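Position one of the sequence shown corresponds to residue 845 (my numbering), numbered consecutively onward.
Just below is one structure, and these are the notes that go with it.
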Amino acid sequence: MIVNGIKGAFRVGQTLSVLGKTGVNWLRGDRPPTPRLLRRTFEDLGATYIKLGQFIASSPTFFPPSYVEEFQNCLDRTPALPFSVMRRILREELRQPLDKIYSEIDPVPLASASIAQVHAAKLVTGEEVVLKIQKPGVENILLTDLNFLYASARILETIAPKLSWTSLSGIVEEIQSTMMEECDFIKEANNLKTFRQFLMDSHNEDATVPVVYEKWSTRRVLTMERFYGVPLTDLESIRAVTNDPERTLITAMNTWFSSLTQCQFFHADVHAGNLMVLRDGRVGFIDFGIVGRIKPDTWQAVSDFISAVMVGNFEGMAAAMVRIGVTHETIDVKQLADDLRRLYNQMDRMVPDTPYGAEEAEDEVNGMLMDMVKIGEQHGLHFPREFALLIKQFLYFDRYVHILAPEMDMFMDERLTLLH
């Protein structure tokens, strides 16, 4: 406990040092726009603030558009730690000689982010796996940083009562809940198992998730099946594993749509890196660190919104948005519907003739999401973050339709289960 207290005090000192450096640079004339200054500072501050930046980027319901846009550039790619450090974590967590578990581990990581590193490995029993290993000290840093942010938010709300309407401390609490859940790999393992059970219960053999090796998984280590495949946006490579890319896309969409009503949660980050077409043609869903849950009392309104989107009923979309959002004003539903119709027409005109890269797709998806939420806010609506997460996934799928099945109408195609 004393050690954690010392580490916490040291972390606060580090934070103040980075903030001080930023302040000195500002005084010396390095004065970029405030959102960019904040984004750079967050990246210098490390894990917690990088995750906070990503939270801002995916939360147009909470933050001004200029900040949401700037934080799209907040990259969660950090230098890899030496494998000797990660090996020590493995030994501490698994409490067995590693050569009794893994016949080989690639010391060069497949990926390195702020919270964890991912390494390829092979079990002594022959299965090829990936190891998601939490970086040392991350949880303590997150707790220290978030407690510091929470205290700062409460002080700001006390000094400037007008800020309390945004509930800064409430936002920090939600961020804390999200981040600490992402740090607990047992929860991610349970998410994978729950989604696998959902696939079994719905007799879905065309989609899959990695098998979790529970015996070799803990809060800080996740050992799971390694998938080999191609991203959902790589049309040429998809054609090498399936002769019907459109059917593969429909499988991915129907699987996700079904999870909205038949699973405890939905995958809340279906960007191209997290959806794969495997060598046998199945769709692989990976990375269940971020999931969304819709509260029962708002689900019916969300369901009505989705149904309205599917048939292009803008009046229905507007009426459902009013039920989903929080407002103290009287909403002109007809005007809101007209604004949504204009946005949809604009989306149709912006569809490119040729496929584009994942980063460009991400930018457009985020832009459209911000526009949709902005329209709601212009009418006095404030949406829960889960709603923004949900809409973002729909926009991802809309992009995939334009790349893989440009002739398909996402809102009218009867092969999509959400219409029934």
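Think of the CB as a built atom: it goes at the ideal place given N, C-alpha and C, for glycine as much as any other residue.
On a predicted model such as this, the values are computed, not experimentally measured, just so you know.
Residue i (DSSP reduced to helix, strand or coil)
| i | result |
| --- | --- |
| L993 | helix |
| T922 | coil |
| R956 | It should be noted that the sequence gives Ser, not Arg, for residue 956. If DSSP states are grouped into helix, strand and coil, S956 belongs with the strands. |
| M1232 | Checking the displayed sequence, the identity of residue 1232 turns out to be Ala instead of Met. Here A1232 sits in helix by DSSP. |
| Q1246 | The question names Gln, yet the displayed sequence has His at residue 1246. In the structure shown, H1246 sits in a helix (DSSP, three-state: H, G or I). |
| L896 | helix |
| F1227 | coil |
| A1096 | helix |
| L975 | strand |
| L967 | strand |
| V1217 | helix |
| I1019 | helix |
| F1110 | strand |
| E948 | strand |
| Q961 | strand |
| L1260 | coil |
| M1024 | helix |
Whole-angstrom distance between residue j and residue i, CA atom to CA atom
| i | j | result |
| --- | --- | --- |
| E1267 | R1083 | The displayed coordinates of the chain run from 845 to 1264. Any statement about residue 1267 would go beyond what the structure contains. |
| F1149 | R1137 | 16 Å |
| P1089 | D1242 | 15 Å |
| T1052 | A924 | 29 Å |
| H1111 | F992 | 30 Å |
| R932 | E1159 | 58 Å |
| E1230 | F1238 | 13 Å |
| D1183 | M1044 | 42 Å |
| C1027 | K895 | 11 Å |
| Y1200 | A1163 | Its pLDDT being 44, under 50, Y1200 is placed unreliably in this model, and the value from its coordinates should be taken loosely. Those two C-alpha atoms are separated by around 34 Å. |
| L889 | H1047 | 46 Å |
| G1224 | N984 | 39 Å |
| Y1240 | Y994 | 33 Å |
| V1166 | T922 | 41 Å |
| L934 | V1135 | 26 Å |
| R884 | A960 | 21 Å |
| F1129 | I999 | 42 Å |
| L987 | V1245 | 41 Å |
| P909 | D1215 | 9 Å |
| D950 | V1155 | 49 Å |
| Q1144 | L1104 | 11 Å |
| D1078 | A1096 | 14 Å |
| I977 | K966 | 15 Å |
| V1016 | T1261 | 37 Å |
| K944 | Y1057 | 15 Å |
| G1117 | V962 | 14 Å |
| K1139 | P877 | 38 Å |
| G1217 | A1232 | The amino acid occupying residue 1217 in the given sequence is Val; Gly does not appear at that position. Cα to Cα, V1217 sits roughly 8 Å from A1232. |
| M1023 | A901 | 15 Å |
| T1086 | A997 | 52 Å |
| L1180 | S958 | 40 Å |
| T1099 | E1049 | 10 Å |
| A964 | S1021 | 29 Å |
| F927 | V952 | 7 Å |
| V1055 | E1173 | 49 Å |
| W1060 | H1115 | 28 Å |
| R1185 | E1221 | 16 Å |
| D1253 | V1177 | 26 Å |
| N1157 | V912 | 28 Å |
| A1249 | S956 | 33 Å |
| L954 | I1175 | 49 Å |
Under 8 Å between C-beta atoms of residue i and residue j
| i | j | result |
| --- | --- | --- |
| F1039 | Q1106 | no |
| M1161 | V1153 | yes |
| V968 | S947 | yes |
| D1141 | D1113 | no |
| F907 | G897 | no |
| F1029 | R1064 | yes |
| D989 | T892 | yes |
| T1092 | V1146 | no |
| F1109 | I1168 | no |
| L1187 | I1235 | no |
| F915 | I1019 | no |
| R1259 | I1003 | no |
| V929 | P980 | yes |
| E1080 | E971 | no |
Fully enclosed by the segment 1117-1186, which beta strand (DSSP E) runs are 3 residues long or longer? 1119-1122 and 1127-1129
Quick test of the definition: if touching needs 3 or more C-beta pairs under 8 Å, does the segment 927-944 touch the segment 1030-1049? no
Pairing CB atoms from the segment 1066-1074 with CB atoms from the segment 1116-1123, are three or more of them under 8 Å? yes
Whole alpha helix (DSSP H) elements within the segment 1035-1089, 4-residue minimum: 1079-1085
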